[in-house]
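Below is one structure, written out as structure tokens; the observations come after it.
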Amino acid sequence: MTLLNIENLTVSFPQHDGVVQAVRGVSLRVSPGESIGIVGESGSGKSVTCMAALRLLREPPSRIVADRLELGGVDMLRAGRTQLAAVRGRIAAMVFQDPMTAFDPVFTIGHQIVETIRAHRDLSKSAATTEAAALLARVEIKTPDAILNSYPHQLSGGMLQRAMIAMALSCRPQILFADEPTTALDVTIQAQILHLIKQLQAELGMALIMVTHDLGVVAETVDRVVVMYGGRVMETAPVQDIFDAPLHPYTQALMASMPGRTPGKQRLIEIAGASPNPANPPTGCPFHPRCAVADAQCAAEAPAFRALSESRAAACWRLA
Amino acid sequence: MIRYILGRLASIALTFTVVSIIVFLMMHAVPGGPFDGNDMPVNDAVKAKLNASLGLDQPLYVQYFKYMWGVLHFDFGVPFQSPGETVLQLLGRAWPPSLILGGAGVLIGAPLGILLGMAAALRRNTWIDYLASAFATLGLTIPVFVISMALIMVFAVWLNWLPASGWGKPRSWILPIIAYAAIPMATYARYTRSAMLDVLTKPFVTVLRAKGLSERRIIFQHVLRNAALPMVTVFLPMFIGTATGSIFVEAMFRVPGLGAYFVSSIELRDYSLEMALILMITMMFCVAYLISDIIYALLNPRIRFGDRK
Numbered sequence: 058m059t060l061l062n063i064e065n066l067t068v069s070f071p072q073h074d075g076v077v078q079a080v081r082g083v084s085l086r087v088s089p090g091e092s093i094g095i096v097g098e099s100g101s102g103k104s105v106t107c108m109a110a111l112r113l114l115r116e117p118p119s120r121i122v123a124d125r126l127e128l129g130g131v132d133m134l135r136a137g138r139t140q141l142a143a144v145r146g147r148i149a150a151m152v153f154q155d156p157m158t159a160f161d162p163v164f165t166i167g168h169q170i171v172e173t174i175r176a177h178r179d180l181s182k183s184a185a186t187t188e189a190a191a192l193l194a195r196v197e198i199k200t201p202d203a204i205l206n207s208y209p210h211q212l213s214g215g216m217l218q219r220a221m222i223a224m225a226l227s228c229r230p231q232i233l234f235a236d237e238p239t240t241a242l243d244v245t246i247q248a249q250i251l252h253l254i255k256q257l258q259a260e261l262g263m264a265l266i267m268v269t270h271d272l273g274v275v276a277e278t279v280d281r282v283v284v285m286y287g288g289r290v291m292e293t294a295p296v297q298d299i300f301d302a303p304l305h306p307y308t309q310a311l312m313a314s315m316p317g318r319t320p321g322k323q324r325l326i327e328i329a330g331a332s333p334n335p336a337n338p339p340t341g342c343p344f345h346p347r348c349a350v351a352d353a354q355c356a357a358e359a360p361a362f363r364a365l366s367e368s369r370a371a372a373c374w375r376l377a
Numbered sequence: 037m038i039r040y041i042l043g044r045l046a047s048i049a050l051t052f053t054v055v056s057i058i059v060f061l062m063m064h065a066v067p068g069g070p071f072d073g074n075d076m077p078v079n080d081a082v083k084a085k086l087n088a089s090l091g092l093d094q095p096l097y098v099q100y101f102k103y104m105w106g107v108l109h110f111d112f113g114v115p116f117q118s119p120g121e122t123v124l125q126l127l128g129r130a131w132p133p134s135l136i137l138g139g140a141g142v143l144i145g146a147p148l149g150i151l152l153g154m155a156a157a158l159r160r161n162t163w164i165d166y167l168a169s170a171f172a173t174l175g176l177t178i179p180v181f182v183i184s185m186a187l188i189m190v191f192a193v194w195l196n197w198l199p200a201s202g203w204g205k206p207r208s209w210i211l212p213i214i215a216y217a218a219i220p221m222a223t224y225a226r227y228t229r230s231a232m233l234d235v236l237t238k239p240f241v242t243v244l245r246a247k248g249l250s251e252r253r254i255i256f257q258h259v260l261r262n263a264a265l266p267m268v269t270v271f272l273p274m275f276i277g278t279a280t281g282s283i284f285v286e287a288m289f290r291v292p293g294l295g296a297y298f299v300s301s302i303e304l305r306d307y308s309l310e311m312a313l314i315l316m317i318t319m320m321f322c323v324a325y326l327i328s329d330i331i332y333a334l335l336n337p338r339i340r341f342g343d344r345k
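Residue numbers (this note's numbering), protein chains in the order written: chain A, 58 to 377; chain B, 37 to 345.
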């Protein structure tokens, strides 16, 4: 069974001067319990893919087209408002990047967790409050009752992100989208939050999609990695293979640019060139202008994404 | 909270004093006095006697302190243009029509404007938005005497449904109330639209959707509550601004309200009435802002509990 099934997803945003294609033909399958990391630089389309999967983008202006977009067996492209609301929070939950702006500032944390619980589960207010306190305890908050009665502005970012995770897990979702959940946090807190997500994922047996630009984060939390660039998937492989034997030239360049892989002081290695302009993407493979092994074919035609072995796949002419 | 209110009360007292001094000085800086009119000239001896009887021959600072001492005892003097009554009696007679018109105008205009603004924000960039925004802009830009004249032409002259002017029967209140409601409606429509759009683009709204809340709950509980914050601060002051009378609406519909006295008290150098009117408005605005700020604090936990991160 496939929990999340995306086939040939395209997301575009019309602008005054043309159309920006943020996601260009992405396919992704996630099975129950699986943990996946989507990595890529800013503008690679990784967050937009997740937002589109939950239909959280404003439509219009954005336009979502896909051969298939299913979440927990629900056709997300055809689902109406009520059906979408039933999927969100219940089948699939999401943790966002900046916990400081993710809560409504005029209600307490408790109110916001309780309303989430009661939107999906038939519980009384007091039962839901007890449940909310238990959830906060579960995300290792020492004083759940005090936090329940706090307003967002009274809490630190780390505390809010814990509460956000508790809220996301409050209806036992089958899949959790974590969109750069540690980017806005202090380095010391980041590791704790990642550990917490990983641990809860294992305990609850849910699937996890970790969106990040930080390769260290995927190394610690996921089984399989999806590398995105210029709105396309470049490569997918088990996490160990991505680090040990990256196949796609972009993934290779990404790994080479990761600091601290070998000890000692070194000059930082960068990928020459700039990310593609989404309003005017290069022809062919989006990476070809920066790719060391590109030739005329790469500039002319985009390579298809195809399987290279049982567990690996990539989109590159050089890997045929 | 109590300390905050006490502090605000002290600043109101200061504002009140400063306004009273400035207005008093400006009033007397205008050349001429109450008995210098050309239509009924009086000779100098009579004028001096009249001025002396009203205390106008004394130094300005003495006049000021005498007047303010009276104000502290709710004695606002006698209006020179109507010496048979006190200023308070005049206000008691002329204010109720303005209060009824202004109050009803705001109470009808504000909810209508809020609904219009909500519809515009929720259907942004559709014909509903354009229509509502055009309506709001017209309400603000068409002078109120043009609106009044149009109402009189249509409903009194052509259709003959309602009286064109007067104040005797509640039937004659309807047209001036509609004229009065135009500005609060338009102001509120614009405030509501921009406040709602501001909240709708906040990240937490996406989180609310991602939690699977119904769109109705998101809009009515979360977005409206947040959008209401900037709106409560304009509601009461606007109410005061409207309920102290509109010279134009009252003149158009011949309503015996307060509006005309603002003009006549300045023209006739009616010092007592002029001071009383301005001090009254100052005090009402001060109190309105104080109450608005307290309501704002009650609705906004960031102010209510301060920042104790």
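All C-beta atoms, glycine included, are put in the ideal place defined by N, C-alpha and C. As the structure is a computational prediction, the values presented were derived from the model and not from experiment.
- Message: So, with DSSP's three-state summary, where would you put Glu292(A)?
- Response: For the purposes of this step, residue 292(A) is taken as residue 235 along the first sequence, with counting starting at 1. Three-state DSSP puts Glu292(A) in a strand.
- Does the separation of the CB atoms of Ala136(A) and Gly102(A) fall below 9 Å? Your numbering for residue 136(A) matches position 79 in the first sequence. Your numbering for residue 102(A) matches position 45 in the first sequence. In this structure, Gly102(A) does not lie closer than 9 Å to Ala136(A) by Cβ.
- Message: Could you tell me which whole alpha helix (DSSP H) segments of length 4 or greater appear in the segment 132-184 of chain B?
- Response: 163-177
- Task: Within the same chain, show all residues whose beta-carbon is closer than 7 Å to that of Lys372(B), passing over the 5 residues directly before and after it, in chain order.
- Result: This structure does not reach residue 372(B), given that chain B is present from 37 up to 345, and the question cannot be answered.
- Query: Do you know offhand how far His177(A)'s Cα is from Ala143(A)'s?
  - Reply: As a first step, residue 177(A) must be located in the first sequence, where it is residue number 120. As a first step, residue 143(A) must be located in the first sequence, where it is residue number 86. Cα to Cα, the separation comes out at about 7 Å.
- With respect to the alpha helix (DSSP H) encompassing Gly295(B), which residues constitute its N-terminal and C-terminal limits? Counted from its first residue, the second sequence places residue 295(B) at position 259. Run containing Gly295(B): Gly295 to Glu303, per the alpha helix (DSSP H) assignment.
- Item | Exposed unless 16 or more other CB atoms sit within 10 angstroms - verdict on His305(A) | Mapped onto the first sequence, residue 305(A) falls at position 248. So His305(A) ends up on the buried side.
- Would you decide whether Ser181(A) is buried or exposed? Buried here means 16 or more other CB atoms lie within 10 Å of its CB. For this step, residue 181(A) is matched to residue 124 along the first sequence. So Ser181(A) counts as exposed.
- Message: Please return the same chain residues whose Cβ sits closer than 6 Å to the Cβ of Lys255(A), not counting the five positions on each side in sequence.
- Response: Counting from 1 along the first sequence, the entry for residue 255(A) is found at position 198. Within the same chain, Lys255(A) has close Cβ partners Thr278.
- Message: Our contact map puts Leu272(B) next to Met221(B) with C-beta atoms below 8 Å; I'd like the distance itself, whole angstroms only.
- Response: Position 236 of the second sequence, counted from the first residue, corresponds to residue 272(B). Position 185 of the second sequence, counted from the first residue, corresponds to residue 221(B). The Cβ separation is near 17 Å, so there is no contact.
- Query: Three-state secondary structure (DSSP) at Pro212(B)?
  - Reply: Counted from its first residue, the second sequence places residue 212(B) at position 176. If DSSP states are grouped into helix, strand and coil, Pro212(B) belongs with the helices.
- Task: Out of Val83(A), Pro117(A) and Leu265(A), point me to the one whose CA is closest to Gln72(A)'s CA.
- Result: Sequence index remark: in the first sequence, residue 72(A) carries index 15 (1-based). Cα-wise, what sits closest to Gln72(A) is Pro117(A).
- Simplified DSSP assignment, three categories, for Gln78(A): Your numbering for residue 78(A) matches position 21 in the first sequence. Strand.
- Query: In angstroms, rounded to a whole number, what distance separates the CA positions of Ser208(B) and Pro199(B)?
  - Reply: One-based indexing of the second sequence puts residue 208(B) at position 172. One-based indexing of the second sequence puts residue 199(B) at position 163. Near 5 Å, if we compare the C-alpha coordinates of Pro199(B) and Ser208(B).
- Item | Given Gly202(B) as reference, the closest of Ser328(B), Asp80(B), Ala312(B) and Phe289(B) once Cα atoms are compared | Taking the first residue of the second sequence as position 1, residue 202(B) is located at position 166. Cα-wise, what sits closest to Gly202(B) is Phe289(B).
- Between Phe168(B) and Ile213(B), what straight-line distance do the alpha-carbon atoms span, to the nearest angstrom? As a position in the second sequence, residue 168(B) is number 132, starting the count at 1. As a position in the second sequence, residue 213(B) is number 177, starting the count at 1. With the sequence shown as reference, residue 168(B) is identified as Ala, and Phe is not the correct amino acid for it. Cα to Cα, Ala168(B) sits roughly 21 Å from Ile213(B).
- Item | Environment of Met76(B) [buried if 16+ CB atoms lie within 10 Å] | Here the question's residue 76(B) lines up with position 40 in the second sequence. So Met76(B) counts as exposed.
- Message: Using the Cβ count rule (16 or more neighbours within 10 Å means buried), how would you classify His258(B)?
- Response: As a first step, residue 258(B) is located in the second sequence; it is residue number 222 there, counting from the start. With 16 or more Cβ atoms within 10 Å of its Cβ, His258(B) is classed as buried.
- Where does His109(B) land, buried or exposed, given buried means 16+ other C-beta within 10 angstroms? The residue given as residue 109(B) occupies position 73 in the second sequence. Exposed: under 16 other Cβ atoms inside 10 Å.
- Which residues in chain B sit within 8 Å of Leu61(A), going by Cβ to Cβ distance? Position 4 of the first sequence holds residue 61(A). The premise fails here: Leu61(A) is roughly 15 Å from chain B at the closest Cβ pair, so nothing lies under 8 Å.
- Message: Can you give me the C-alpha to C-alpha distance between Gln125(B) and Gly69(B), rounded to a whole angstrom?
- Response: Reading the second sequence from its first residue, position 89 is the one you call residue 125(B). Reading the second sequence from its first residue, position 33 is the one you call residue 69(B). Looking at the two C-alpha atoms, the distance is approximately 23 Å.
- Message: Can you tell me whether Val235(B) is helix, strand or coil according to DSSP?
- Response: On the second sequence, residue 235(B) is found 199 positions in, with the first residue counted as 1. The answer is helix: DSSP assigns Val235(B) an H, G or I state.
- Check the Cβ of Lys238(B) against every Cβ in chain A and list those closer than 8 Å, keeping chain order. As a first step, residue 238(B) is located in the second sequence; it is residue number 202 there, counting from the start. Going along chain A in sequence order, the residues near Lys238(B) (Cβ under 8 Å) are Thr158.
- Relative to the C-alpha of Arg347(A), which residue among Gln354(A), Ala353(A) and Ser332(A) is closest? In the first sequence, residue 347(A) corresponds to position 290, counting from 1. Among Gln354(A), Ala353(A) and Ser332(A), the Cα nearest to that of Arg347(A) is on Ser332(A).
- Task: Name the two residues that bound the continuous alpha helix (DSSP H) containing Gln309(A).
- Result: The residue given as residue 309(A) occupies position 252 in the first sequence. Element bounds for Gln309(A): Pro306 to Ala313.
- Message: Pull the bridge partners of Thr67(A) from the DSSP assignment, please.
- Response: In the first sequence, the residue the question calls residue 67(A) occupies position 10. DSSP lists Arg81(A) and Val122(A) as partners of Thr67(A).
- Task: Can you give me, in chain order, the residues of the segment 221-236 of chain A that have a beta carbon less than 9 Å from any beta carbon in chain B?
- Result: Met221, Met224, Ala225, Ser227, Cys228 and Phe234
- Message: Strictly by DSSP, which residues pair up with Phe234(A)?
- Response: Your numbering for residue 234(A) matches position 177 in the first sequence. Answer is Met151(A) and Ile266(A), bridged to Phe234(A).
- Does the beta carbon of Tyr286(A) sit closer than 9 Å to a beta carbon anywhere in chain B? The residue you call residue 286(A) lines up with position 229 of the first sequence. No, its Cβ sits nowhere closer than 9 Å to a Cβ of chain B.
- With distances taken Cα to Cα, identify the nearest neighbour of Ala294(A) among Gly75(A), Gly94(A), Asp74(A) and Val76(A). Position 237 of the first sequence holds residue 294(A). The candidate whose alpha carbon is nearest that of Ala294(A) is Gly94(A).
- For chain B, find out if any of its Cβ atoms is closer than 9 Å to the Cβ of Gly321(A); answer yes or no. Indexing the first sequence from 1 puts residue 321(A) at position 264. No, no contact with chain B.
- Along chain B, which residues have their Cβ under 8 Å away from the Cβ of His73(A)? Indexing the first sequence from 1 puts residue 73(A) at position 16. Within chain B, no residue comes near His73(A); the closest Cβ sits about 14 Å away, beyond 8 Å.
- Sequence ranges, beta strand (DSSP E) only - wholly within the segment 143-200 of chain A, length at least 3: 149-152
- Proximal residues, the segment 251-285 of chain B versus chain A, C-beta separation under 7 Å: Glu251, His258, Arg261 and Asn262
- Message: If I measure Cβ to Cβ from Asn206(A) and keep anything under 7 Å in the same chain, skipping five residues before and after, which residues do I get?
- Response: By one-based count along the first sequence, residue 206(A) stands at place 149. Around Asn206(A): Thr165 and Gly167.
- Message: Assuming Arg159(B) and Leu233(B) are in contact, meaning their beta carbons sit under 8 Å apart, how far apart are those beta carbons, in whole angstroms?
- Response: Counting from 1 along the second sequence, the entry for residue 159(B) is found at position 123. Counting from 1 along the second sequence, the entry for residue 233(B) is found at position 197. Not really, about 11 Å apart at Cβ, beyond 8 Å.
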